[in-house]
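This report concerns only the one structure given below.
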Amino acid sequence: MNEKNNIRTQNTQKSAKHIQRQSNEVVVSVVIPLFNEESSIDELISRLEKTLVPFTKNRYEIIFVDDGSTDKSRQKIKEHHQRNSKIHCISFRRNYGKSAALQVGFKVARGLYIVTMDADLQDEPEEIPNLIKKLNEGYDLVSGWKRKRYDPFIKVWSSKLFNLVTSIVSGIRLHDFNCGLKAYRKIVIKRLNVYGEMHRYIPVLAHWDGFRVTELPVQHHPRKYGKSKFGAGRFIKGFLDLLTVMITTRFMQRPLHFFGTIGTLITVFGFIVNLYLIIEWLLGRTYLSNRPLLLFGITLIIFGAQLISIGLLGEMNAKSLAEKVDYNIKDKF
Ligand code: UDP
Ligand code: MG
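Read in this note's numbering, the sequence shown has 77 at position 26, and its numbers run on one by one without any break.
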């Protein structure tokens, strides 16, 4: 344990050297979405302060986004705010979900680096310096990887499946897309727009926006206080969201490439099926009236043509939105 702490202190000192900025600038903003987590707040804040004060030379801010809590979370944070003005809280009037909370936190965060974490202490605040050190190796987003995960069995395994599919579909080799603990350069969060339940796909969105994304193994712990707000039962919705992410990132400017490719393949297959039947008929080998395959072929052609039409409609939409496309510019001379 002592050795672990020593390594952490060394890391903290090393990374602090990277940060030589103006004295009044906020170096690290920590954004924490929370929904009824009153029992962990005191410990969370005290551990954050212990980590951030030396690491940022007191140039940090902690932004809680209270997602409509009905317990004493807000009052507790307020007490801390009165003691330490670097601790802030934005409270929603109702529960909008984790994505909404993150997005509102992103809008107000001022730091050069932004770290997000859950409020339940399943992740360690002491990992923050390691994440930022990793950013400084040349990345824009570092996502935590709960290599050994302490959650219910069903959640761990459904999450493994989710991560595998997301990794294959998105083409990003990450093990853990949905870890609450992540570090970003400011530019990334200012371009992100998460809503609904899109927070699960933040690394995918950032990757498709041209940012360099990587992961770092982090410690994970069982929930000490309160209850989990997410079960394992959200996977169908999760995968539908993945489709949305694909369409709105990779194919936003070229919808016909997505719908048209599938549509053309299906139509061509339908033509081949019916061509085969027509040849059989011409050769006098069969009557079309007793070949169900004919209906199959016709259905394929109609379905394929519909997909192509949807793609064309998408293209009309893309053209009218083209002026609003916001290209992610890396550098200008
Ligand atoms: N959370 C939130 N709004 C919600 C649900 C969750 O802000 O509607 C917060 C929650 O308080 C916690 C984080 O999101 O800080 C992750 O939630 P949880 O720990 O329940 O998820 P799990 O770790 O079980 O996946
Ligand atoms: Mg949790």
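Backbone N, C-alpha and C fix where the C-beta goes; we use that ideal spot for every residue, glycine too.
Note that the coordinates shown come from a computational prediction; the quantities given were computed from them, not determined experimentally.
query, result
"CA-to-CA distance, VAL269 to GLU178, given in whole angstroms", "7 Å"
"Unbroken stretches of the alpha helix (DSSP H), 4 residues or longer, contained in the segment 123 to 165", "124 to 134, 149 to 159"
"Chain-order list of residues whose beta-carbon lies under 6 Å from that of VAL296 (same chain, five-residue window excluded)", "TYR252, VAL255"
"Proximity test, LEU232 beta-carbon vs the ligand UDP heavy atom, cut-off 7 Å", "no"
"beta-carbon GLU88 near the ligand SAH non-hydrogen atom, thresh 7 Å", "No copy of the ligand SAH appears in this structure; the ligands present are the ligand UDP and the ligand MG."
"Residue from ARG305, VAL324, GLU248, PRO203 whose Cα sits closest to the Cα of ILE287", "GLU248"
"C-alpha gap between SER124 and TYR378, whole angstroms", "40 Å"
"Rounded C-alpha distance that separates THR217 from HIS226", "9 Å"
"Buried or exposed by the 16-neighbour rule on C-beta atoms within 10 Å, applied to ASN135", "exposed"
"Reference ILE223, options LEU293, VAL264, VAL376, closest by Cα", "VAL264"
"Stretch-stretch touch, CB-based, cutoff 8 Å, three pairs: the segment 115 to 123 with the segment 188 to 203", "no"
"Residues of its chain near TYR235, where Cβ-Cβ distance is below 6 Å and the 5 sequence neighbours each way are ignored", "ILE165, LEU192"
"Where the beta strand (DSSP E) through GLU100 begins and ends", "Segment 92 to 107 is the alpha helix (DSSP H) holding GLU100; no beta strand (DSSP E) there."
"Straight-line Cα distance separating LEU358 from ARG301", "18 Å"
"Any non-hydrogen atom of the ligand UDP closer than 7 Å to ASP169 Cβ", "yes"
"Sequence ranges, alpha helix (DSSP H) only - wholly within the segment 278 to 333, length at least 4", "286 to 300, 306 to 333"
"Cβ-based neighbour list, GLY348, same chain, cut-off 6 Å, excluding 5 preceding and 5 following", "GLY321, VAL324, ASN325"
"Cβ neighbour criterion (16 or more within 10 Å) applied to ARG110", "buried"
"Nearest neighbour of ASN87, chosen from PHE143, GLU112, THR337, PHE106 [CA to CA]", "PHE143"
"Minimum length 4: unbroken alpha helix (DSSP H) runs contained in the segment 174 to 204", "179 to 186"
"For HIS258, three-class secondary structure by DSSP", "helix"
"Closest residue to SER279 among LEU153, PHE262, LEU212, LYS206 (Cα-Cα distance)", "LYS206"
"Per-residue burial, GLN133 [other beta carbons within 10 Å of its own, 16 or more giving buried]", "exposed"
"Assigned exposure category for MET52 - 16 Cβ within 10 Å defines buried", "Low local confidence applies: a pLDDT of 45 at MET52 is under 50, so the model's placement there is unreliable, and no value is given."
"Residue span of the alpha helix (DSSP H) that contains LYS233, given as start and end", "Unbroken run through LYS233 is the beta strand (DSSP E), 233 to 236; no alpha helix (DSSP H)."
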